[in-house]
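Peer 1:
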Amino acid sequence: MGRKRSSFAFLALGTLAVVALVAMACTREVEVEKVVKETVVVEKPVEKTIEKTVVVEKEKTVVVEKPVEKIVEKEKTVEKTVVVVQTATPLPATPTPTPKPKAAVNWKIGMPADVTSTNFWNILGPASTAYNFYAFLNMYPAPMVLSDQRFDYVPLVAADFPSDLKQEGDFWTTTVKFQKGIKWSDGTEVTAHDFVFTIQTALEFQLTGNWTSNVDPEIVSKAEATDDYTVKITFKKKPGLAQWQFGLAQQLFAQKKYWEPKVAAARATAGTIEDKRKALYTADNAGEPTAGEMVFKKWEKGAFVQLEKNKNYFWSGSKVKEYAKGGYEETTKAGTFKTGDTTGDVKLQVERGPFADSVTYNVYGSQDAAVLAVRGADIEYFLSPLGLSAGLRSQVTGKPGIATFQNPSNGFRYLGFNTRRAPMDDKAFRQAVAILIDKVFLTRDILQNTAEPIDTVVPVGNGFWHNPGVKKFGTTADGKNMTREQRITEVVALLKANGYTWDKEPKWNAADRRVEAGSGLKKAGVAVKEMELLSPSAGYDPLRATSAIWIEQWLKEAGIPIKANLTGFNPIVDLVFTQQNFDMWILGWGLTIYPDYVADFFHSKQAIKEGQNAGGYNNPAFDKAADEFLAETDLNKAKEKALKLQETIADELPYVTLFAVPILEVYRPDKVKFAYTDVLDGVQNYFQGINGPLATTKFE
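Going letter by letter, the sequence shown gives residues 1053 to 1752 in our numbering.
Below, the structure written as structure tokens:
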């Protein structure tokens, strides 16, 4: 599954990312035309005539990838002495060479799975997959965003930082000034009315999924436009960092003019609010104006998605500087914005294009096929959050014409439980499963060190928020990894202490050094039915497919009846998050920097269809602590609360976190030139940003 756009604070949070960069130089092309005046013969009764010829050179500077707004002409007069004989024939003028037109650039990108929707509302709702985010979320603006690589909290559509929160009676308010001159792809201006329309629609239709993280109806009262370029937001109570700066302030929005009649049609749909919401999620969005560097052109299901350059992209030609002392500077058509200390060394310089005329996302049925496509130069970049197996890594690492780079992951793979069903509703059963899964053996020996064990929902790469001290099941008192014998012995004791019995109890056979599998597991005398473990197939993700097979084996040894079902990624998403018809599942999350997801993934208010708590975990004490974390306005106090939430989840185990995969990205360096490659979660995670790789990547 995907996740909303990453969020990060500008001042105190700047230390959270592990970053380094190489600045890319900006280039211009110059065409020079030379015009030589014809030599004039002066007839006088002399053997030779001396004539001065004036040569005028004109230089035209043409800005590449951008309409020429101004041609700067310089004239330079050069005196040349030409000796002319009376009988000489004048030479013809040299024709001006015609410059060759620059070939259009189509960036070909590979993806291991198809998109499922092009509908803006749906993509941030139940259709919140990584691939929908990659292909489409870069088309929509937000008031505030995160900067390149360092994740400074900076304005995008906003002209400056929002005003301080102010109490008005029982409510809290803030205002945001929008820049003028930003346009949608149809040429109409982006205004405060577009943002207000989006927020009010989300509140009215009670939109689900990622919408509830940013537009929480328990927190947000309303948004209103006090003029065309000013938004006033009213909160029901003082919002915390997760709810305002790293929530609503970074909410993507769509064009009111286009969507207003479609929203009205959905509103008029007969039935419940769920029926109206479904009508909105399925509304056709053909020809929708957007504001990103690319606009949607075509989706051939199962094959490709095509985008083309947005000629009205406001940030085309803008330049960003990030300074070593923490300052940020951005120059656009509207002027220059600065914040922090913009003196001293510049650590990053980025220019925005887009430098491609179009982008094609090609869908491959397996990672093997995508790797072959890179090797055969059918694509220039493989966009995947999955990680590559050792075998696939060897096919690309060090190969001619192919380059790779690796970054720490800001995501994790996990096994989730449907806690609405027995025995998954039993904490002791979930803990037994966690003990049986040998994550060290799995990642080191089976996955050949292509993944790293993880014990909490905040990855190690997000160091400020990561809690390394959570409870680790499957380890001994002195912190060592348990043997198979120790695991079986502990699980039998744990389950028996909580009312479980077996017809045949599992036990360790010391002579053969193996487990004698149990059978006939019962809870309070009632047989435990066979459960299904959903997991992506080997073609899509061999790491998770392999993990599912081993987990099935380990649980069966303990007498737990389970069957792994290796299937497609999108069908799992539908079964788990939309239909909620499942027992256990294995998927993964790509995450935000600010870890509000620790609350969202497990809060009971998200335990609804299309919500983020698909497993239905319900713990009033956790809900209370999660609400306090989301409402926290002090960064250090928020950290303390986040660490405690991680401790609760690591003990209660609505998820068994399995591993994190360092992001290895594969591309062809002779074609693609990224602005930077050293960034938390890799370049791949920032394709969803309006000023992300689609805007900054250059091409040979």
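C-beta: ideal position from N, C-alpha, C; glycine also.
Computed from a predicted model, the values in this text were never measured in an experiment.
Let me make sure I understand the geometry here. Which of Q1500, Y1365 and D1490 has the alpha-carbon closest to that of T1528?
Peer 2: Numbered from its first residue, the sequence shown carries residue 1528 at position 476. Among Q1500, Y1365 and D1490, the Cα nearest to that of T1528 is on D1490.
Peer 1: Would you mind listing the alpha helix (DSSP H) stretches within the segment 1550-1612 that are 4+ residues and don't spill past its ends, in chain order?
Peer 2: Here the runs fully enclosed are 1594-1609.
Peer 1: Relative to the C-alpha of V1267, which candidate in T1334, I1285, N1459 and P1313 has its C-alpha closest?
Peer 2: On the sequence shown, position 215 is the one that residue 1267 refers to. Of T1334, I1285, N1459 and P1313, the residue nearest in Cα terms is I1285.
Peer 1: Here's the rule: buried if 16 or more other CB atoms are within 10 angstroms of the residue's CB, otherwise exposed. What is R1566?
Peer 2: In the sequence shown, residue 1566 corresponds to position 514, counting from 1. With fewer than 16 Cβ atoms within 10 Å of its Cβ, R1566 is classed as exposed.
Peer 1: I believe K1725 touches I1431 by the beta-carbon criterion, under 8 Å. Please report the beta-carbon distance rounded to the nearest angstrom.
Peer 2: Here the question's residue 1725 lines up with position 673 in the sequence shown. Here the question's residue 1431 lines up with position 379 in the sequence shown. With 8 Å as the limit, K1725 and I1431 do not qualify as a contact, their Cβ atoms being about 16 Å apart.
Peer 1: Cα separation between L1189 and K1350?
Peer 2: Here residue 1189 is taken as the residue at index 137 of the sequence shown, counted from 1. Here residue 1350 is taken as the residue at index 298 of the sequence shown, counted from 1. Distance between the alpha carbons of L1189 and K1350 is about 16 Å.
Peer 1: Give me, in chain order, the residues of the same chain whose beta-carbon lies closer than 7 Å to that of G1744; leave out the 5 immediate sequence neighbours on both sides.
Peer 2: Within the sequence shown, the letter at position 692 stands for residue 1744. N1190 and Y1738, listed in sequence order.
Peer 1: Tell me where the alpha helix (DSSP H) around A1183 begins and ends.
Peer 2: Walking along the sequence shown from the start, residue 1183 turns up at place 131. According to the sequence shown, residue 1183 is Tyr rather than Ala. First-last of the alpha helix (DSSP H) with Y1183: A1182 to F1188.
Peer 1: Helix, strand or coil: how does DSSP classify L1547 here?
Peer 2: Position 495 of the sequence shown, counted from the start, is the residue given in the question as residue 1547. Looking at L1547 - three-state DSSP - the assignment turns out to be helix.
Peer 1: Determine contact between the segment 1697-1704 and the segment 1650-1660, defined as no fewer than three beta-carbon pairs at a distance below 8 Å.
Peer 2: Touching, yes, given that three or more Cβ pairs across the two stretches are closer than 8 Å.
Peer 1: If you draw a straight line from the alpha carbon of K1314 to that of Q1303, how long is it in whole angstroms?
Peer 2: Translated into positions along the sequence shown, residue 1314 becomes position 262. Translated into positions along the sequence shown, residue 1303 becomes position 251. Roughly 20 Å between the two C-alpha positions.
Peer 1: Tell me which residues share the same chain as A1486 and place their Cβ nearer than 7 Å to its Cβ, disregarding the 5 neighbours each side in the sequence.
Peer 2: As a working mapping, residue 1486 is identified with position 434 in the sequence shown. Cβ neighbours of A1486 beyond the five flanking positions: F1525, G1526, L1705 and V1708.
Peer 1: Looking only at its chain, what residues have a beta carbon closer than 7 Å to the beta carbon of V1357, apart from the 5 residues adjacent to it on each side?
Peer 2: What you label residue 1357 is simply residue 305 of the sequence shown in a count that begins at 1. The residues are V1167, A1187, W1351 and Y1413.
Peer 1: Hey, out of K1363, T1729 and N1501, whose CA is closest to D1238's CA?
Peer 2: As a first step, residue 1238 must be located in the sequence shown, where it is residue number 186. Out of K1363, T1729 and N1501, K1363 has the C-alpha closest to the C-alpha of D1238.
Peer 1: Which residues does DSSP pair with K1229 in a beta bridge?
Peer 2: One-based indexing of the sequence shown puts residue 1229 at position 177. In DSSP, K1229 forms a bridge with T1282.
Peer 1: Can you check whether the CB of G1513 is closer than 8 Å to the CB of S1461?
Peer 2: For this step, residue 1461 is matched to residue 409 along the sequence shown. For this step, residue 1513 is matched to residue 461 along the sequence shown. Yes, Cβ-Cβ distance for S1461 and G1513 is below 8 Å.
Peer 1: Write down every uninterrupted run of the beta strand (DSSP E) in the segment 1438-1489 whose length is 3 residues or greater and which is fully enclosed by it, in chain order.
Peer 2: Correct list: 1455-1459 and 1463-1469.
Peer 1: Under 8 Å between the Cβ atoms of K1575 and Y1552?
Peer 2: In the sequence shown, the residue the question calls residue 1575 occupies position 523. In the sequence shown, the residue the question calls residue 1552 occupies position 500. Cβ atoms of K1575 and Y1552: closer than 8 Å.
Peer 1: Tell me, please, whether the segment 1272-1281 touches the segment 1378-1394 by the rule of three or more beta-carbon pairs shorter than 8 Å.
Peer 2: They do not touch, by the three-pair rule.
Peer 1: Only counting the same chain, and skipping five residues up and downstream in sequence, which positions put a Cβ closer than 6 Å to that of E1095?
Peer 2: Along the sequence shown, read from residue 1 onward, the residue named residue 1095 stands at position 43. Residue placement at E1095 is poorly supported in this model, since its pLDDT is 38, which falls under 50; the coordinates are not used for a value here.
Peer 1: Taking all protein chains shown into account, decide if A1484 is buried (16 or more other Cβ within 10 angstroms of its Cβ) or exposed.
Peer 2: Sequence index remark: in the sequence shown, residue 1484 carries index 432 (1-based). A1484 is buried by the Cβ-count criterion.
Peer 1: Is Q1297 helix, strand or coil by DSSP?
Peer 2: In the sequence shown, the residue the question calls residue 1297 occupies position 245. It is coil, neither helix nor strand.
Peer 1: Going by DSSP, name the residue or residues bridged to S1707.
Peer 2: Your numbering for residue 1707 matches position 655 in the sequence shown. The amino acid at residue 1707 is misidentified as Ser; the sequence shows Tyr. According to DSSP, Y1707 bridges with G1468.
Peer 1: So which of P1714, T1619, K1353 and I1603 has the shortest CA-CA distance to P1613?
Peer 2: As a first step, residue 1613 is located in the sequence shown; it is residue number 561 there, counting from the start. Cα-wise, what sits closest to P1613 is I1603.
Peer 1: CB-CB under 6 Å to W1554, same chain, minus the five flanking residues each way: which ones, in chain order?
Peer 2: Within the sequence shown, numbered from 1, the residue matching residue 1554 stands at position 502. Same-chain partners within the cutoff: G1570, G1572, L1573 and G1611.
Peer 1: Count the other CB atoms, across all protein chains shown, that sit within 10 Å of the CB of T1324; report buried if there are 16 or more and exposed otherwise.
Peer 2: Here residue 1324 refers to the residue found at position 272 when the sequence shown is read from its first residue. Flag for T1324 reads exposed.
Peer 1: In the DSSP assignment, the alpha helix (DSSP H) including K1314 goes from what residue to what residue?
Peer 2: Taking the first residue of the sequence shown as 1, we reach residue 1314 at position 262. Start and end: K1308 to R1319.
Peer 1: Give the DSSP bridge partners of K1363, in chain order.
Peer 2: Taking the sequence shown and counting its residues from 1, one reaches residue 1363 at position 311. According to DSSP, K1363 bridges with nothing at all.
Peer 1: State the CB to CB distance for the pair S1410 and N1184, rounded to an integer number of angstroms; the pair is presumed to be in contact (CB under 8 Å).
Peer 2: Along the sequence shown, one-based indexing puts residue 1410 at 358. Along the sequence shown, one-based indexing puts residue 1184 at 132. About 19 Å separates the two Cβ atoms, so there is no contact after all.
Peer 1: Give a yes or no on contact between the segment 1195-1202 and the segment 1621-1641, applying the rule of three or more CB pairs nearer than 8 Å.
Peer 2: Judged by Cβ distances under 8 Å, the segment 1195-1202 makes no contact with the segment 1621-1641, as fewer than three pairs qualify.
Peer 1: What is the rounded straight-line gap between the Cα of A1678 and the Cα of Q1664?
Peer 2: Taking the sequence shown and counting its residues from 1, one reaches residue 1678 at position 626. Taking the sequence shown and counting its residues from 1, one reaches residue 1664 at position 612. Straight-line Cα distance between these residues: approximately 14 Å.
Peer 1: Report all residues from its chain with a CB closer than 8 Å to the CB of W1367; omit the five preceding and five following residues, and keep chain order.
Peer 2: For this step, residue 1367 is matched to residue 315 along the sequence shown. So the qualifying residues of the chain are E1345, T1384, R1404, I1742, N1743 and A1747.
Peer 1: Hey, V1448 and V1423: beta-carbon distance below 8 Å or not?
Peer 2: Working through the sequence shown from its first residue, we reach residue 1448 at position 396. Working through the sequence shown from its first residue, we reach residue 1423 at position 371. In contact: V1448 and V1423 (Cβ atoms closer than 8 Å).
Peer 1: So G1162 and V1426 are in contact, right, with Cβ under 8 Å, and what is the actual spacing, rounded?
Peer 2: The residue you call residue 1162 lines up with position 110 of the sequence shown. The residue you call residue 1426 lines up with position 374 of the sequence shown. Yes, G1162 and V1426 are in contact; Cβ-Cβ is about 7 Å, under 8 Å.
Peer 1: Where does A1616 fall in DSSP's three states?
Peer 2: Here residue 1616 refers to the residue found at position 564 of the sequence shown. Residue state, collapsed to three classes: strand.
Peer 1: Which residue marks the beginning of the beta strand (DSSP E) containing L1198, and which one marks its end?
Peer 2: To locate residue 1198, count along the sequence shown from 1; it is residue 146. Looking at the DSSP string, the run of the beta strand (DSSP E) that includes L1198 is M1196 to L1198.
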